[in-house]
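K.L.:
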Amino acid sequence: MSTIKFKFISDENNPKYHLIYVMLCNIFPDMMGYKTFTRYTASIAHINNDHVAFTLLEFDKLLKSMTIVSLGVKEEYRGNKIGKLYINWIKSKYPDHDIYLHVSIRNENAVKLYKSTGFKIIKTQKEYYSDMGYEPYVKNGLDAYYMKYTAISVK
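Okay, here's the thing in structure tokens:
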């Protein structure tokens, strides 16, 4: 596999950022209201000119923490450790930030990935995905693990 490169696209003057921001705002409409304590940052991973993965991160400036709102890897690139490289890249950029996320308890590969990068399950949230359109055949929604990576203190 060629070298993978990661890049934040949250530069306000970057047209790619605006396009992705608008698309994500349609998925997460409450994003538009966060201005004071929270900010969102998008990033992409690419190999040569092929975009192979993305993240959306939500930062809490007061708590010095972030939430991985979404992390996706193109299906044909899964199994190549791109998710692990991506998470380690994010941790290297923000070594003093704790990181939180939700993941479906059914997504065994993602749970394994997060555990392998230092995340711990804090709790199981019942029916977390009930309002998000996931797997509509599940009457009461899907449960999710709420996970946390605790940052190593940087002094």
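In my numbering, the protein residues as written are -18 to 136.
By construction, the Cβ of each residue, glycine as well, lies at the ideal position given by its N, Cα and C atoms.
Here the structure is a predicted model, which is why all the values come from computation and not from measurement.
1. Run through the DSSP bridge pairs and tell me what residue 126 is partnered with.
2. Just verifying my parser: in three-state terms, what is the DSSP assignment at residue 133?
3. For a test of the three-state rule: what should DSSP assign to residue -17, helix, strand or coil?
4. Counting only the same chain and skipping the five closest in sequence on each side, list residues whose C-beta sits under 7 angstroms from that of residue 54.
5. Using 8 angstroms for Cβ pairs, my map puts residue 51 next to residue 37. What's the rounded Cβ distance?
6. Which partner residues of residue 52 appear in the DSSP bridge assignment?
7. Identify, in the order they occur along the chain, each residue of the same chain with its Cβ nearer than 6 angstroms to the Cβ of residue 72, setting aside the five sequence neighbours on each side.
P.N.:
In short, the structure shows the following:
1. Against the sequence shown, residue 126 aligns to sequence position 145. Note: residue 126 sits in a beta bridge opposite 84, 105.
2. Residue 133 sits at position 152 when you count from the first residue of the sequence shown. Correct three-state label for residue 133: coil.
3. Here the question's residue -17 lines up with position 2 in the sequence shown. Reduced to three states, the DSSP call for residue -17 is coil.
4. Position 73 of the sequence shown, counted from the first residue, corresponds to residue 54. Same-chain partners within the cutoff: 33, 34, 63, 64.
5. Looking up residue 51 in the sequence shown gives position 70. Looking up residue 37 in the sequence shown gives position 56. The Cβ separation is near 4 angstroms, so the contact holds.
6. Against the sequence shown, residue 52 aligns to sequence position 71. Its beta-bridge partners are 36.
7. Looking up residue 72 in the sequence shown gives position 91. If we look at residue 72 and ignore the five residues flanking it on each side, it has no Cβ neighbours.
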